[in-house]
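Visitor: Per my numbering: the sequence shown = residues 5 to 83.
Cβ atoms here follow ideal geometry from the backbone N, Cα and C, with glycine treated the same way.
Pasting in a structure now, in structure tokens, and then I'll have a few things to ask.
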Amino acid sequence: MLSGLEPVGCHQLSLLSPVPTSDPKADRLMEVMDQANARWGRDMIRLAACGIKQDWKMKQAARSPHYTTCWEELPEVKA
5 MLSGLEPVGC
15 HQLSLLSPVP
25 TSDPKADRLM
35 EVMDQANARW
45 GRDMIRLAAC
55 GIKQDWKMKQ
65 AARSPHYTTC
75 WEELPEVKA
């Protein structure tokens, strides 16, 4: 599993840890990642912090009604 991969000059920081300094091993890892993407195509290897592209949509046929949060779905009683 690859972790700690990030673009040069862009570090995802934690509020609880000190600001990291440049690491030659990390810089080399970024170079290898760039080479792999150049060889096999853009975003073949990418950062988890970049998110994922979601081409799928949630199936909403079986979703529960929002009786407590949506006025439009509140049942009406007629006398």
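For Pro28, does the three-state DSSP call read helix, strand or coil?
Guide: For the purposes of this step, residue 28 is taken as the residue at position 24 of the sequence shown. Helix, per DSSP.
Visitor: Could you tell me the distance, in whole angstroms, from the CA atom of Pro28 to the CA atom of Met34?
Guide: Numbered from 1 along the sequence shown, position 24 holds the residue referred to as residue 28. Numbered from 1 along the sequence shown, position 30 holds the residue referred to as residue 34. Roughly 10 Å between the two C-alpha positions.
Visitor: May I ask you to report which of helix, strand or coil DSSP gives Glu77?
Guide: Walking along the sequence shown from the start, residue 77 turns up at place 73. Helix at Glu77.
Visitor: Kindly indicate which three-state DSSP category Leu9 falls into: helix, strand or coil?
Guide: In the sequence shown, the residue the question calls residue 9 occupies position 5. Looking at Leu9 - three-state DSSP - the assignment turns out to be coil, as it is neither helix nor strand.
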